[in-house]
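Enquirer:
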Amino acid sequence: MILNVSLSPSIDRTLLVSDVKLGTIHRPTTVVEVAGGKGFNVARCLMRLGYQAQAIGILGGPNGQTIKELARFEGLNILEVPGSLNTRVCTSIMDMSTGALTEFYELATPVTDSEWDQLCEKVRCHSRSADWVTISGALPAGLPSVAILQLIEAAREFGAEVAIDTHGASLQAALGAGPSLMKVNRLEAASLLSLQENVVASDVCEQLARAVGTTAVVTDGEAGAWAMRVDQKALHVNSARRGRYPVGSGDCFLAGFVAARSHDRSISESLRFAAATATANAQVPGPGIFDLQDLETLLPETVVTTLDGHLKP
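If you want it as structure tokens, here you go:
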């Protein structure tokens, strides 16, 4: 089983609209609404891929109830820690006439120390039956950055591998904990390692892998992604296919990578599967909602290379 912690759950809404104009009324042609937040998106993707997954997060107020109902409707297995404040909403608006994506993400819902302690304890208990625990999203407001260490410690108490996908001060704190996998975008990684913003992603990935002491993944938008285990060489992957709906693709990338690693696939195989999963996600609106046939088509098209451009099987 793979346990997926959402640090900042949300209702994720995707609206498809034609010809967006400021100051006017718009009537969406399609509305997709799911139980969201990065960890819930990871769990949804894993479920889509046929893996046993559980999602866990702090849910409060009417929006928290809606998230539970949405999860129940789609068969997503969630573990709730009751929260005192109404859970946030994140809205993405796709202009179908231009392809422009506009996003409105409410700040992570604040939580109390007691709620955080309950989350960590629930993660500790359920990690007993988990091979991997993913921790995704922004740390809730009001918590110190080192709170992430409490969660990491709880997640791996019984031997589970831990994957981290966060940002900001909590990323710096997580680095010292040596998670099994750290996934971060190039700019965040450069800032974390005190490198210049224009540093190439392969160099960032190598330095991050050494700093974390395990495996690092550095994503770089349309330039693809790099992965490196500390005792191996950096690998690169990119997809020639693009999609109109990138929301949740990073979460699907993490889901694909962890899914492959949970079956002891190599870093190369895991990177290829992750990239193909992320690209499949971008073909349809809604995070973690994709066509498995798209994934099957994309896998042979997705090529992993070494730093010198040689193909990896």
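Going by the numbering used here, the first residue of the sequence shown is number 76, and it counts up by one from there.
Glycine residues also receive a C-beta, built at the ideal position from the N, C-alpha and C atoms.
The structure presented is a predicted model; accordingly, all values stated were derived computationally and were not measured.
1. Could you give the distance in angstroms between the alpha-carbon of valine 293 and the alpha-carbon of alanine 300?
2. Using only the alpha-carbon positions, how far apart do glutamine 282 and leucine 268 sit?
3. Does glycine 135 come out as helix, strand or coil in the three-state DSSP assignment?
4. Cβ of serine 245 within 8 Å of Cβ of serine 220?
5. So, are the CB atoms of glutamine 307 and histidine 201 less than 8 Å apart?
6. Across which residues does DSSP place glutamine 129 in a beta bridge pair?
7. Going by C-alpha to C-alpha distance, which of Leu160, Ile168, Ala330, Asp278 sits closest to leucine 97?
8. The beta strand (DSSP E) with isoleucine 342 in it runs from where to where?
9. Taking the Cβ atom as the reference point for each residue, do threonine 209 and threonine 184 lie within a distance shorter than 8 Å?
10. Less than 8 Å between the beta carbons of arginine 347 and threonine 377, yes or no?
11. Find the nearest neighbour of lysine 197 within the set Gly174, Val107, Glu155, judged by alpha-carbon distance.
12. Starting from glycine 158, trace the beta strand (DSSP E) both ways and give me its first and last residue.
Expert: According to the structure data:
1. For the purposes of this step, residue 293 is identified with residue 218 of the sequence shown, where counting begins at 1. For the purposes of this step, residue 300 is identified with residue 225 of the sequence shown, where counting begins at 1. Their Cα atoms are separated by approximately 6 Å.
2. Here residue 282 refers to the residue found at position 207 of the sequence shown. Here residue 268 refers to the residue found at position 193 of the sequence shown. Rounded to whole angstroms, glutamine 282 to leucine 268 spans 8 Å at the Cα level.
3. Within the sequence shown, residue 135 is the residue found at index 60, counting from 1. Glycine 135 falls in the strand class under three-state DSSP.
4. The count along the sequence shown starts at 1 and reaches residue 245 at position 170. The count along the sequence shown starts at 1 and reaches residue 220 at position 145. Closer than 8 Å, so yes.
5. On the sequence shown, position 232 is the one that residue 307 refers to. On the sequence shown, position 126 is the one that residue 201 refers to. Taking 8 Å as the Cβ cut-off, glutamine 307 and histidine 201 do not qualify as a contacting pair.
6. In the sequence shown, the residue the question calls residue 129 occupies position 54. BP columns for glutamine 129 point to Leu78.
7. Counted from its first residue, the sequence shown places residue 97 at position 22. Among Leu160, Ile168, Ala330, Asp278, the Cα nearest to that of leucine 97 is on Ile168.
8. Translated into the one-based positions of the sequence shown, residue 342 becomes position 267. Note, isoleucine 342: premise wrong, no beta strand (DSSP E); alpha helix (DSSP H) at 342-356.
9. Here residue 209 refers to the residue found at position 134 of the sequence shown. Here residue 184 refers to the residue found at position 109 of the sequence shown. The answer is no: Cβ separation not under 8 Å.
10. For the purposes of this step, residue 347 is taken as residue 272 along the sequence shown, with counting starting at 1. For the purposes of this step, residue 377 is taken as residue 302 along the sequence shown, with counting starting at 1. Yes.
11. Position 122 of the sequence shown, counting from 1, holds the residue named residue 197. Per the Cα distances, Glu155.
12. Counting from one through the sequence shown, the residue named residue 158 turns up at place 83. It spans 153-158 - the beta strand (DSSP E) in which glycine 158 sits, taken as one unbroken run.
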